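Chains as they are written, first to last, in our numbering: chain Y, 1 to 276; chain F, 277 to 552; chain E, 553 to 828; chain B, 829 to 1104. Let me begin by presenting the structure, written as C-alpha cells, before commenting on it.
There are 4 protein chains.
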Amino acid sequence: MANFKGHALPGSFFLIIGIWWSLKYSLRYTSHKGKSRKLNYYYRKIEIIDGGVRVFFAIVGILAEQFVPDGPHLHLYNDHDWIKLMNWQHSTMYLFYGLSGLMDMLTFLFPVIPLGLDRLLLSLAAVTEGILFYYHVHGRPPLDQHIHLLLLYTVGAGAISIFIEVFIRDNIVLELFRASLLIAHGTWFWQIGFVLYPPSGGPVWDQTSHDNIMFITMCFCWHYVAAVIIVAINFSLVCGVVNQLKRPRGGESIGIQKLTTGSNTHEALLNDTDED
Amino acid sequence: MANFKGHALPGSFFLIIGIWWSLKYSLRYTSHKGKSRKLNYYYRKIEIIDGGVRVFFAIVGILAEQFVPDGPHLHLYNDHDWIKLMNWQHSTMYLFYGLSGLMDMLTFLFPVIPLGLDRLLLSLAAVTEGILFYYHVHGRPPLDQHIHLLLLYTVGAGAISIFIEVFIRDNIVLELFRASLLIAHGTWFWQIGFVLYPPSGGPVWDQTSHDNIMFITMCFCWHYVAAVIIVAINFSLVCGVVNQLKRPRGGESIGIQKLTTGSNTHEALLNDTDED
Amino acid sequence: MANFKGHALPGSFFLIIGIWWSLKYSLRYTSHKGKSRKLNYYYRKIEIIDGGVRVFFAIVGILAEQFVPDGPHLHLYNDHDWIKLMNWQHSTMYLFYGLSGLMDMLTFLFPVIPLGLDRLLLSLAAVTEGILFYYHVHGRPPLDQHIHLLLLYTVGAGAISIFIEVFIRDNIVLELFRASLLIAHGTWFWQIGFVLYPPSGGPVWDQTSHDNIMFITMCFCWHYVAAVIIVAINFSLVCGVVNQLKRPRGGESIGIQKLTTGSNTHEALLNDTDED
Amino acid sequence: MANFKGHALPGSFFLIIGIWWSLKYSLRYTSHKGKSRKLNYYYRKIEIIDGGVRVFFAIVGILAEQFVPDGPHLHLYNDHDWIKLMNWQHSTMYLFYGLSGLMDMLTFLFPVIPLGLDRLLLSLAAVTEGILFYYHVHGRPPLDQHIHLLLLYTVGAGAISIFIEVFIRDNIVLELFRASLLIAHGTWFWQIGFVLYPPSGGPVWDQTSHDNIMFITMCFCWHYVAAVIIVAINFSLVCGVVNQLKRPRGGESIGIQKLTTGSNTHEALLNDTDED
C-alpha cells in the first residue's frame, strides 16, 4: 500500500513488538536470580503468546495488503501483467515474520524442536525484508530510494545480531539491541509515511534535493537515539518495579540483585570494592 | 549448457542432496540420545557414502558439460579463442563440489585428517560457485542477470554458515539451515530453466521488464519458504518414525526423547514445568 | 565546520583518547597478576572518569559545531531550507560518542546494568559516524571524497572489533587494536585538515589528480603504521615502569610477570624451555 | 615494478612461505601427541626464524622496489609530482608484511607481549595489501583490473581467517587454509606476470575481451585447486615421515597417531568402531 496507512500499519506492529520486547527481556534479566519453577512456567507461556501475537499481526498485515480496495485480492497474474506487485511483496514480508512467530510458538510447545531455529527464522525474516526492499525501490526518486534503503541498516544489524543469538541465546545485550532496532525500525516506517505521503496534506518534500537526503540520514540516527532512550527508560522502570517487589520479602534480598550479571566480572569487581 | 537441461541437472543434484541431508541430520538429531556404538559405526558408513554420491554427481556433471553434442569435449583453446567457456565454468563448479565430496570421504576414512577440513572445502566450493556466477552474467539482459545473481544469496548464506560449521560442528540448527539452502538452491535452478528456456515452448519472458524482476525477487523468497516447509515436514516425519521405533522397547524411553537437546536450556525448562 | 579547526578538534579528541587507552589497557594488562582489591577499586574509578571525559569532549564538540560564528546556533530549519546541515551532522556524531561515554559511566556506577552495553553503544557510535560520513561526501571532488571515505576503514574495523568486545571483554589484543585505530583515526582527521584546508595558506591540492588519490591511500597506511608504533612504544614504556615498580618488593616477583598471559599457551612454552 | 620480475618476486615470496607453512603446521599437528619439552623448544626457535625470514623477504622487496634502475631511489616528491607511486605502494605492502614478521619474532622472544598481536598484524598486513590493490588499478584496462582484483579474494579470505586465529589459535584447519591461500596468492602473482608481461615475448593478451576475463576468473579457481592439492600432498608426506619416525620406537605407538585430533569427536567414533 503506497500510502500513509500502508507504512503506519507495519510501523505500529514493529514499534509495539519492540517496546514489548524491551520490557519482556528487562523483566527476565532483572528477576533472573530469584527465579523459581513457577516463573519459568510463566515465561514459557509468555513466549508462546508472544509468537502467537506476531502470527496474528502477520495475518492482519497480509489481509490488509490483499483486501484494501486497491489491493490484488489474491490475484497475482492477469493477461501478461503482474497485479499490484508491491502489495504482494509486502505480503511476502509479513509471511516470513508470521512463519518466524509460528516457529517461536512451536519451539516452546514441542521440546523436540531444536532451540535456535526460532532465532534463525527471525533472522531470515529480516534478511528477506532486506532483499525485498533492496530491489523494491529501483527507479524511484532519490529521496524515496534513500529513505527506504536506510531501513537496510536496521534490518541488516538485526539479521546479524539475531543470527548471533542462534549461538548465544538469552544474552541480554543482544536482546535489548534487538528491541532497540525494532523500535527504530517501527518509528522509521512512520517517518517514511510522513515524508512521502504527508497525512496533513502539507507540501510534498522535494525528492531530488541533496539537502533533504542529508537531513534524512541524520534524522535516521536521531530515531535510533530515541529508540535507545526508550529501551533505557523501560529497563530502568522494570528494574525499579522489580526492586520494589523484592524488597518487602526480607532484608537479605537487597544484595541479590547486584549479583544478577552471572557470567561476567561485575561481582568480582563489586565484592572487591565493597570489602575494601 | 545454456538450455533447460543444463539447469535441471545441477538443480536436481542440489535438490536431492538437500532433501537427503534434511533427513540424515534429523535422524541423527532425534536418535542421538539412545546412541550406541553400532549406530556410530553406521553413521560413519553413511557419511562416506554421502561423500561418494557427491563425487559421483560431480563426475556426471563434468562429463555432461564436456561431452554434450555442443560441448567443448575437453578442448579449451583453439586458434586464439576460448572454446565454450560457460561449459568449462560449470565443470569447474562441479570440480569443487566433487573435491568437497572426496574430502568428506577421506575425513571419515583416515582419522589423521583434521575434522573441519571437509566443511572448509564445502564452504569454499560455495564461494567458488559464487565467484563464477558473479562474473558469469556480465553483459546479459537484466532479468537473466538478476535471476542468476539471486543464487548468490543462497550461495553466500551457505558459505558463511558452513564456514561456521568448521568451528561449531554437529549443530543441528546449522545443518538444517544448510539443507534448506541447498533445497532452495536446487529448486531455483529449475526456476531459472523454466524462465529462461521454457521447456513447453511457451512465450519467452520479457527480460527487461522491471515488473518481472520484482516478481522474480519475490518468487525467490517463496522458494525459500517452500524449502523451509520441506525441511520441517522431513524433520517431523523422522521424529514420528523414530518415536514409533523407540516406543515398543519399554515404557521409560518415552521421556528420553524430550531430553535430546543436550547443551541447551530446554530440559531445565521442561523439568521445572513438569514438576510444578 | 568545513575548515582546518573543524577537523583538528575531533582529530585531537580521537588522538588523546587513543593514546590514553593504549596506556590504560597496557597498564591493566601488565599489572594484572598482582591485582589487589585496591587496584580494582581504582580501575573502576578510572573507567568512570574515562567515560566522563568522553562526555565532556562530546559536549565541547557539539557546542563548538553549533556556536561557531558561522554555525547553526541550534536552528535546524528556516523557510524551506535546512541550516548548516554539516554542522548538525557533526553534532550528531558527537552526540553518539557522548552517549557511549555516558553508558560507560553508568555501567560502572550501577552494577544492575548488563556489561557489554557500553561496548555495544561505542560500536554503534562508530557505525553512526560511518553512515554519516558515507552520505556526507556525495557530489564532492574525488580527492575530498576519497580522503573522507578512507576514514570508513578505521571506523568499520573499529565497529567490528568493538562489537566483538561485547562478547570477549577485557581482551588485550582487541583493546590495543581499538587504541591503534583511534590514534590513526585522529591523525587522519589532522591529515584531512592539512590536505583540504592548508593552514599555512600553501597551494591547495589538485582534487582530481589520480596520483594524489594514490598517494593519499598509501599515506593512510603510513598513518596506521605510525599508530601501531605509538601503541608499541606506550606498551613498552608501561611494561618497563611496571617492572621497575615491582622489582624492589622482592626477588620472586620477577618471574611473576612472565605468567600474566593467563589463558594462553605462553606459560607452557616458557616453562618447558626454562626447565630444559 | 610494472614488469614480469616485479610480479615474480613477491609471487615467489608468497609461494615459498605458503609451502613452508603447509609443512610446518602439518608437522606440528601430526607430531603433537608425542610432544616433549625439547620439541616445544625447537618449535619456538622455528617460529622466531620464520618471522626473521619474513622480515628479510620484506627488506629485499623494499630494496628491490626502491633501487631498481627505474625505481624512486627513496625520493617521494619532486616538483609538484609524486615519483613512481606504484613502487612506493609496493614498498608499503612489503613494510606491513615485514612488521608482521617482526611482531612474530617479538612475540616468541618476549613473553610479556600478548599472544594474538602477531596474528592481528598479519591480518592487517593482508587488509593493507587489499586496500592498496583496490585503488591501485583504477583506470586501467578491464583485464588488468580484473586480474588484480581477483587477488582481493585471497587477501580478503586470508584477512578474515587470520583475524579468527587471534581468538582460535593453533587451529590446524585455519592454519592449512592460510597456507593454501598464500600458495594461491603466490602462483597468481606469477600468472599476472605471464598474462600482462609475457616473458617469452609472445603476443600480449587482448585486455578488453570479455572471454579473457571469464577465462581468467576460472583460471583463478584452478590455481586455488592446485594450492589445495599442494597442501594435501605436503600434509600426506609429513604424516608419512612422522609415522616412519615413530614406528621403530615401539609397537604401542602405532595407535597413538590415531588419537591426535584431541578436541574433536574422532576418537570416540574410532574407539566405538574398533571395539564393535
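We put the beta carbon where it would ideally sit given N, CA and C, even for glycine. Predicted, not measured: the structure shown is a model, and the values here were computed from it.
Kindly say whether residue i, judged by its beta-carbon, lies nearer than 8 Å to any beta-carbon of chain Y.
| i | result |
| --- | --- |
| F/V504 | yes |
| F/I489 | yes |
| F/L553 | Residue 553 of chain F cannot be examined here, being either before or after the span of chain F that is shown, 277 to 552. |
| F/F333 | no |
| E/G807 | Model confidence at E/G807 stands at a pLDDT of 41, short of 50, so the residue's coordinates are unreliable; what they give is reported in the following sentence. It does not; no Cβ of chain Y falls within 8 Å. |
| E/Y687 | yes |
Can you pull the chain Y neighbours of residue i, defined as C-beta to C-beta under 7 Å?
| i | result |
| --- | --- |
| F/Y429 | I131 |
| E/H690 | H210 |
| F/L419 | What F/L419 touches in chain Y: nothing, since even the nearest Cβ is about 12 Å away. |
Since residue i is in the alpha helix (DSSP H), which residue starts that stretch and which ends it?
| i | result |
| --- | --- |
| E/L684 | 669-688 |
| E/D656 | 637-661 |
| E/W573 | 556-582 |
| B/V888 | 865-895 |
| F/L553 | Here chain F has residues from 277 to 552 only, and residue 553 of chain F is not among them. |
| B/L902 | First-last for B/L902: undefined, no H or E at that position. |
| E/G708 | 703-719 |
| B/W1050 | 1038-1074 |
Under 8 Å between C-beta atoms, does residue i make it to chain B?
| i | result |
| --- | --- |
| E/F746 | no |
| E/Y749 | no |
| F/N279 | no |
| E/V777 | yes |
| F/G538 | In this predicted model, F/G538 has a pLDDT of only 39, less than 50, meaning its place in the structure is not dependable enough to derive any value. |
| E/F729 | yes |
| F/W358 | yes |
Counting only beta-carbon atoms, is residue i nearer than 8 Å to chain E?
| i | result |
| --- | --- |
| Y/E252 | With a pLDDT of 45 at Y/E252, under the threshold of 50, the predicted position of this residue should be treated as unreliable, though the coordinate-derived value follows. By this cut-off, Y/E252 is not an interface position. |
| Y/H73 | no |
| B/G986 | no |
| B/Q1072 | no |
| B/Q917 | yes |
Can you check which of these residues, the options, is closest to residue i by C-alpha distance?
| i | options | result |
| --- | --- | --- |
| B/I845 | B/F885, B/L948, B/H976 | B/F885 |
| E/V607 | E/P624, E/Q618, E/M657, E/C791 | E/M657 |
| E/W774 | B/W916, B/A892, B/N831, B/L867 | B/W916 |
| Y/I233 | Y/G156, Y/S22, Y/L122 | Y/S22 |
| F/L371 | F/T383, F/E405, F/I389 | F/E405 |
| E/V620 | E/V756, E/L561, E/A709, E/A778 | E/L561 |
| E/H737 | E/A711, E/I720, E/H688 | E/A711 |
| Y/G98 | Y/Q244, Y/R44, Y/A126 | Y/A126 |
| Y/Q66 | Y/G6, Y/D81, Y/G51 | Y/G6 |
| Y/I229 | E/L673, E/W634, E/I601, E/A554 | E/L673 |
| B/H839 | B/I877, B/Y853, B/G889, B/D878 | This sequence places Gly at residue 839 of chain B; His is not what is there. Ranking B/I877, B/Y853, B/G889, B/D878 by Cα distance to B/G839 puts B/G889 first. |
At a CB-CB cut-off below 8 Å, which residues of chain F make contact with residue i?
| i | result |
| --- | --- |
| B/F991 | The premise fails here: B/F991 is roughly 13 Å from chain F at the closest Cβ pair, so nothing lies under 8 Å. |
| Y/L85 | D487, M490, F491, M494 |
Quick check on residue i - is its C-beta less than 8 Å from some C-beta in chain F?
| i | result |
| --- | --- |
| B/I1011 | no |
| Y/Y94 | no |
How would you list, in chain order, the residues of chain E whose beta-carbon sits under 7 Å from the beta-carbon of residue i?
| i | result |
| --- | --- |
| B/T1015 | What B/T1015 touches in chain E: nothing, since even the nearest Cβ is about 25 Å away. |
With a threshold of 8 Å between beta-carbons, can residue i be considered close to chain C, or not?
| i | result |
| --- | --- |
| F/Y410 | Of the protein chains in this structure, namely Y, F, E and B, none is chain C. |
Run through chain E and tell me which residues come within less than 9 Å of residue i, C-beta to C-beta.
| i | result |
| --- | --- |
| Y/V173 | P666, L667, G668, L669, R671, L672, V718, F719 |
| Y/L237 | None at all; the shortest Cβ gap to chain E is about 13 Å. |
Name, please, each residue of chain F whose Cβ falls closer than 7 Å to the Cβ of residue i.
| i | result |
| --- | --- |
| Y/L9 | Residues of chain F passing the Cβ test: none, with the nearest at roughly 19 Å. |
Taking Cβ-Cβ distances shorter than 8 Å, what residues in chain Y pair up with residue i?
| i | result |
| --- | --- |
| E/L651 | V225, V228 |
Next item on the list: Report the residues of the stretch 654-670 of chain E with a CB closer than 7 Å to any CB of chain Y, ordered along the chain.
Entry: P663, V664, P666, L667, G668, L669
Item checked: Near-chain B residues of the stretch 566-593 of chain E - C-beta to any C-beta below 8 Å -> Y581, T582
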